[in-house]
Structures are given as C-alpha cells and as structure tokens.
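Asker: Dumping the structure here so I can ask a few things about it.
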Amino acid sequence: MQVQVVENILKLNDELAGMNRQALRKSGVFTIDLLGGPGCGKTTLVERTVEMLSSEMKIAVIVGDLTTARDAERIAKFCPQTVQVNTGKGCHLEAHHVRQAMGKIDFSGVDLLIVENVGNLVCPVGFDLGQDVKVTMFCTTEGVDKPAKYPYAVDAADVVLLNKMDLLQYVQFEIEQFRSDVKRLKPAVEIIECSALKGDAGMKRWTGWIKERMAARK
Ligand code: MG
Ligand code: ZN
C-alpha cells in the first residue's frame, strides 16, 4: 500500500515536471535546480550569480523555504523577478511548487531561471522540477564527509560546487579527501571551488559554466 502511494506521488510529480520543462524550454529559459544543506551559501551564491550575469541576460529566481521570505528579500535586491515558495513542513520543492511560482513570473525575455531548493541534501535529489541541470553545493565549514554521506546528491549533480573557500584555512577540511570522494562517486563531474561571498575566480568559473551550458543547449 505504502509503496503504491509513494509511486503515485512521484509519477504525478514527474508529469508536472515534464509540463514545467516543456513550458520553460518553449520560452527559451534555461533552468538550474540548486540544492545543498542549510547554511552552505545557496542564497549568497544566487545573489552573486545574478549580480555577475544580469548585464548579459535576464534572470528570474524561485526560492524555497519552510517559512519566511528572507532569502527572497535578499535576492530581490539584485533580481526583481524573485518568487518565494513556502513549503510549510515540506522539506524539498516539488514540481507543483515550481509550477505555481512560474505563474507569478513574466518569462518574456527571461534567459535563466535559478531555483534555490530547500536546504536539504536528501529528498531534493528525488524530485524532478523540470530543470535543465541540477547543481549540488557543499561548503568547507560543513565537514569533508558530506559527499560520502549524501552520495545521491553527488550522483544527481551536473556540477558540484564547494563554497566558502575563503574559510578553508580556518577549518579542518581535507580538500583532497573531498575531491577524491566526489570523483569516486561521479568520476566525470566537474568540481568548482569558490567563495560566493568574496566573488573570487571560482565564481567566474561558475558563471562561465552556466553560460557554456546555456550555449550548448541552443
Ligand atoms: Mg537560502
Ligand atoms: Zn523532503
């Protein structure tokens, strides 16, 4: 019984995600699903990304959180088309959340949609939102063991970000261990080490990666 219920939820989600994908592609929008644990710097990454790319393209943002509109308020300073989704007790975004939020965005001329998922390395992996790419973000302050403990978040990722590189010298984080764990789980995946707060060379690589992927899809 239980298994059947879960299968039905995922099937419905996949159908809605397919509709999102179709609508976004028709509008010429490239969509990123950004996932990572709480406090790894997702919102700061979105702020900086929008700041760095907004002279070249039109961007919209959907941000998921249980309560509060704090992230959306931060991002809206850089991106007027920012929509907050409150999931209540829900610990991840589902395709229907994104679909509702999409209804509040004017997609004319929009090139890039960034969806900041709820801070969680477990269930956002299993829910298709209609994105083109999934990005998994880790950081140097959360401990080196996270990729090994959350292997599905690595496996689902089109690129892995390691944020808070500016703090590397202050924390116990064996970066070679991180790199080898990620490569063991997904040999071909690119790892981008960056500081979203400082806007370093890694951030240039990240925005470059987005532009490459957008160009490759066209
Ligand atoms: Mg956030
Ligand atoms: Zn969840």
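Here this note's numbering is used: the first residue of the sequence shown is -17, the next is one more, and so on. Even for Gly, the Cβ is constructed at its ideal location relative to N, Cα and C. Computed from a predicted model, the values in this text were never measured in an experiment.
In chain order, what residues place their C-beta within less than 5 Å of a heavy atom belonging to ligand 2?
Answerer: The set, ordered by position in the chain, is Cys73, His74, Cys105.
Asker: Among the residues of its own chain, which have a CB less than 7 Å from the CB of Cys73, if the five just before and after it don't count?
Answerer: Contacts found: Val100, Asn102, Cys105.
Asker: So what does DSSP say about Cys121, is it helix, strand or coil?
Answerer: Strand, per DSSP.
Asker: For Gln151, which of Thr123, Leu(-6), Leu111 has the nearest alpha-carbon?
Answerer: Closest option to Gln151, Cα to Cα, is Thr123.
Asker: Quick check on Leu6: does DSSP put it in helix, strand or coil?
Answerer: If DSSP states are grouped into helix, strand and coil, Leu6 belongs with the helices.
Asker: Check whether the region 49 to 61 touches the region 14 to 34, counting contact only when three or more Cβ pairs, one atom from each stretch, lie closer than 8 Å.
Answerer: Judged by Cβ distances under 8 Å, the region 49 to 61 makes contact with the region 14 to 34, as three or more pairs qualify.
Asker: On the DSSP letters alone, give me the boundaries of the beta strand (DSSP E) that Ala170 sits inside.
Answerer: Taken as a continuous stretch (DSSP letters only), Ala170 belongs to no beta strand (DSSP E), as it is neither H nor E.
Asker: Restricting to Cα atoms, I'd like to know which of Glu156, Asp114, Asp163 is closest to Lys131.
Answerer: It is Asp163 whose Cα lies nearest to the Cα of Lys131.
Asker: Indicate whether at least one CB of chain D lies closer than 8 Å to the CB of Arg195.
Answerer: Of the protein chains in the structure, only one exists, and it is not chain D.
Asker: By how many angstroms is the C-alpha of Asp47 removed from the C-alpha of Thr25?
Answerer: In a straight line, the C-alpha of Thr25 is about 11 Å away from that of Asp47.
Asker: What residues in its chain sit with their C-beta under 6 Å from that of Val153, if we drop five residues either side in the sequence?
Answerer: Around Val153: Thr122, Thr123.
Asker: Looking only at C-alpha atoms, which of Asn68, Glu38, Leu35 sits nearest to Val45?
Answerer: If we check each option's Cα against that of Val45, Asn68 comes out closest.
Asker: Touch check for the region 77 to 94 and the region 126 to 141: three-plus C-beta pairs under 8 Å?
Answerer: No: the two stretches stay apart, fewer than three of their Cβ pairs being nearer than 8 Å.
Asker: Out of curiosity, what's the CA-to-CA distance linking Val171 and Val142?
Answerer: Near 7 Å, if we compare the C-alpha coordinates of Val142 and Val171.
Asker: Looking only at its own chain, which residues have a Cβ that is under 7 Å from the Cβ of Gly184, when we skip the five neighbours before and after it?
Answerer: Answer for Gly184: Met147, Ile174, Glu175, Cys176, Ser177, listed in chain order.
Asker: Can you determine whether any heavy atom of ligand 1 sits closer than 7 Å to the C-beta of Glu124, and answer yes or no?
Answerer: False, no ligand heavy atom lies under 7 Å from that Cβ.
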